Amino acid sequence: MKHLPKHVRPHWRYLAVVLESSPEATLSRGAFQRELWYAAQNLIGDAGSADADLTVLDFSFAEGQGETVVRARHGHVTEARAALACIDSINSHEIGIRLTGISGTIRACEEKYLGRGTEVSDERNVVFDGERRSALIRDDLVDVAVDGSYVGAMTLDLQ
């Protein structure tokens with residue numbers, strides 16, 4: 009079976025959503041997806057919610073805080089935002105939902121709005137254990153190349 013040409017494929021928008029609830033609340037991706045579908049059905053009807061095709065792609069929730077990425081068809085972002093605003097509880101736990109941004113790709117959505125940016129590393133030559141060696145430096149982490157493998161170090165270990 010052939011793939012659809014690019015201009016015929018559906019275009020998506022990805023909504024970055026932050027969730028807040030009480031610390032004892034236990035929420036799952038399935039429960040959030042179900043509440044999102046019900047909210048969309050009640051707000052824009054069966055045909056409208058099917059056309060919007062709201063899907064929860066990435067979900068994490070622990071200790072009363074979480075985040076997720078919701079996928080919606082390109083022309084239905086307004087309906088998706090309204091459906092998210094209609095959700096006030098999941099599994100009898102009150103929940104606060106905040107939309108932090110909308111993007112055209114999942115990667116951009118996560119990097120820009122959920123703080124999951126790619127890790128910036130810097131490769132430098134450093135003096136470690138009295139010898140000049142290559143090292144990868146990421147934030148406060150330093151990995152020094154020693155005999156073909158990397159050794160974890162602190163900036164205080166470097167000269």
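In terms of the working numbering, the sequence shown opens at residue 9 and continues consecutively. Just so it is clear, CB atoms sit at the ideal spot from N, CA and C, and this is done for glycine as well. Treat the numbers as computed from the prediction; the structure is a model and nothing was measured.
Residue environment: residue 104 is assigned as exposed (fewer than 16 neighbouring CB atoms within 10 Å of its CB, all protein chains considered). For residue 57, the number of other beta carbons within 10 angstroms of its own is at least 16, and it is reported as buried. The Cβ-Cβ distance between residue 81 and residue 59 falls below 9 Å.
Within the segment 77-155, the complete alpha helix (DSSP H) runs of at least 4 residues fall at 85-94 and 114-121. C-alpha of residue 123 to C-alpha of residue 116: approximately 10 Å in a straight line. When C-alpha distances from residue 108 are compared across 139, 34, 22 and 43, the shortest belongs to 22.
DSSP places residue 56 inside the alpha helix (DSSP H), whose first and last residues are 37-60.
When rounded, the separation of the alpha-carbon atoms in residue 110 and residue 157 is 41 Å. Cβ contact annotation for residue 30 (same chain, cutoff 8 Å, sequence separation greater than five): 72, 101 and 102, in chain order.
A Cβ-Cβ contact shorter than 9 Å links residue 48 with residue 91. DSSP, read as helix, strand or coil, puts residue 33 in coil.
DSSP places residue 17 in the coil class of the three-state scheme, outside both helix and strand. A Cβ-Cβ distance of about 7 Å is found for the pair residue 141 and residue 154, placing them in contact under the 8 Å criterion.
Collapsing the DSSP output to three states places residue 12 in coil. For residue 72, there is no enclosing beta strand (DSSP E), as DSSP marks it with neither H nor E.
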